[in-house]
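Quick note on our numbering: the sequence shown kicks off at 43 and runs consecutively.
To start, the structure itself, in structure tokens.
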Amino acid sequence: MNAKGIAVLGSTGSIGRNTLRVVETLGEQFRVVALGAGRNVDELVEQIDRHRPELVAVQSDECSEELLRRLRRREIAFPRVAVGEAGLIEVATHERAACVVSATVGAVGFVPTLRALETGKRVALANKETLVMAGELMTRAAHTSGAEILPVDSEHNAIHQCLRGETRAEVQRLILTASGGPFRTQDESAMQRATVAEAMRHPTWSMGAKVTIDSATLMNKGLEVIEAHWLFGFDADQIDVIVHPESVVHSMVELIDGSVIAQMGVTDMCHAIQYALTYPKRQGNALPPLDLTGFGALHFEAPDLARFPCLGLAYRALRTGGTLPTAMNAANEVAVNAFIDGRIRLTDIPHIIERVMDRHPVRPVDSLGVVLDTDEAARIAALTAIDALIEVSPINIGDFSYLGR
Ligand code: MG
């Protein structure tokens with residue numbers, strides 16, 4: 043059998059590692075041909091040993107030298123090593139890759155993912171930021187080349203499954219479920235004092251830092267609303283969010299006759315990854331089955347937009363359109379990093395984003411240049427807003443006790 047080539051952008055991250063695990067369980071029908079990593083050379087060396095890709099990319103020349111030093115000590119043939127964004131683009135467009143798993147964090151994977159779509163590859167998309175930044179360019183590129191986008195984000199993967207066999211006109215609305223994050227039942231003051239460690243305590247999913255902090259502010263769900271718009275072509279008014287703390291129902295679709303179709307499963311990203319790789323086929327695996335009796339009851343509630351303003355900001359960005367989602371996404375990434383670095387509080391994140399959005403001159407997204415310019419300008423604006431906040435807000439000066447370290 044001719045093995046299908048897989049390229050992974052972000053191979054040493056949480057989704058990347060799970061992808062390689064899934065590829066191993068699927069046996070000989072898939073073969074890893076290219077891996078794009080960041081700075082985690084240790085992990086990458088192990089991945090090269092196990093999967094023998096033809097090409098790998100790392101973040102910097104230093105990482106490349108370190109990797110080559112380690113590989114040369116071995117007797118085995120080793121892959122070509124590429125560097126930086128150009129390296130990730132080589133991974134994303136590798137001639138023997140039929141499917142590219144886009145699993146880098148934040149804006150880094152944007153151009154490589156776009157290039158993969160332009161070259162007609164199936165993209166298993168875990169990096170929602172790429173669709174938020176430039177959904178129009180991404181979907182247009184996929185349409186032109188005939189490339190498929192298969193969502194790996196659990197909610198969108200669920201909706202993709204719920205929509206199998208339904209026509210667009212039969213769908214009333216999409217209902218994205220949200221766990222509510224670690225602060226679902228906490229008041230505003232607890233959120234103000236929240237440490238990075240507390241914000242990282244996601245109740246149901248084990249994920250990377252950026253998406254976990256986004257889940258704590260509900261910005262993750264906001265980004266997912268925009269992602270759903272681009273993946274499935276529904277307007278903001280037809281995409282709802284419902285808080286469901288158990289995360290058993292991964293999302294739902296309401297049809298025009300009132301029927302609601304839900305997709306359920308255990309909270310393991312391997313399910314969504316396997317679906318995206320093997321679609322339209324289904325295949326057995328060794329993942330644990332869903333045991334509903336272990337839950338007894340499932341709960342649903344409306345999201346609290348007052349305590350979680352990020353969700354409202356995302357709806358505003360989607361309704362306004364143009365470059366506003368791009369600017370929002372960039373400001374969020376900068377603000378989340380500032381929180382992780384101990385510069386601002388968790389509750390400052392929406393204020394920084396709103397300030398950047400209020401001052402952003404919205405333009406149509408008609409070229410890659412517009413997206414990249416907007417991204418850069420919004421990052422600078424967010425950093426400026428963070429500096430200004432630290433200056434005027436004494437709680438942020440020297441008082442990092444709330445960070446718990
Ligand atoms: Mg998700």
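Yeah, the Cβ is synthetic: ideal placement off N, Cα and C, and Gly gets one too.
Computed from a predicted structure; not experimentally measured.
Query                                                                                                      : Result
Rounded separation between ILE303 and VAL213 - CA only                                                     : 10 Å
DSSP three-state assignment for LEU340, whether helix, strand or coil                                      : coil
C-beta contact flag for THR365 and VAL412 at 8 Å                                                           : yes
N-terminal and C-terminal residue of the alpha helix (DSSP H) that MET370 is part of                       : 366 to 382
Contiguous beta strand (DSSP E) assignments of at least 3 residues, all confined to the segment 310 to 359 : none
Minimum length 4: unbroken alpha helix (DSSP H) runs contained in the segment 132 to 170                   : 152 to 160
Opening and closing residue of the beta strand (DSSP E) in which HIS244 lies                               : Note, HIS244: premise wrong, no beta strand (DSSP E); not H, not E.
Neighbour-count burial assignment, LYS170, 16 or more Cβ in a 10 Å radius                                  : buried
Per DSSP, the bridge partner or partners of ILE191                                                         : VAL165
Residue-chain proximity (ASP103, chain B), Cβ-Cβ < 8 Å                                                     : Of the protein chains in this structure there is only one, and it is not chain B.
Whole-angstrom distance between LEU388 and ALA236, CA atom to CA atom                                      : 7 Å
Any alpha helix (DSSP H) of 4 or more consecutive residues that is wholly inside the segment 69 to 109     : 83 to 93
Cβ neighbour criterion (16 or more within 10 Å) applied to GLY446                                          : Annotation note: pLDDT 38 at GLY446 (below 50); position unreliable, coordinate value reported separately. Classification of GLY446: exposed, given that the 10 Å Cβ count is below 16.
Unbroken beta strand (DSSP E) run spanning SER293, endpoints                                               : 291 to 297
SER196 Cβ short of 7 Å to ligand 1 heavy atom set                                                          : yes
Three-state class that DSSP yields for GLY275 in the structure shown                                       : coil
Which residues DSSP lists as bridging MET233, in chain order                                               : Looking at the DSSP assignment, MET233 forms no beta bridge with any residue, so it has no partner.
Candidates ARG206, VAL308, ILE217: closest to LYS323 by CA position                                        : ARG206
Start and end residues, alpha helix (DSSP H) containing VAL308                                             : Premise fails: VAL308 is in no alpha helix (DSSP H) and is neither H nor E.
Beta-carbon gap between LEU123 and VAL142 smaller than 8 Å                                                 : The sequence shown places Val at residue 123, rather than the Leu named in the question. Cβ atoms of VAL123 and VAL142: not closer than 8 Å.
Rounded C-alpha distance that separates LEU167 from GLU433                                                 : 39 Å
Spatial distance of GLU117 from PRO95 (CA atoms)                                                           : 16 Å
Check: GLU266 C-beta below 7 Å from any heavy atom of ligand 1                                             : yes
Beta-carbon gap between LEU360 and HIS271 smaller than 8 Å                                                 : yes
Helix, strand or coil at LEU130 [DSSP, three-state]                                                        : helix
LEU216 vs PHE276 beta-carbon contact at 8 Å                                                                : yes
Per-residue DSSP class, three states only, for THR426                                                      : helix
Cβ-Cβ separation, LEU51 to ALA134 (assumed contact under 8 Å), whole Å                                     : 6 Å
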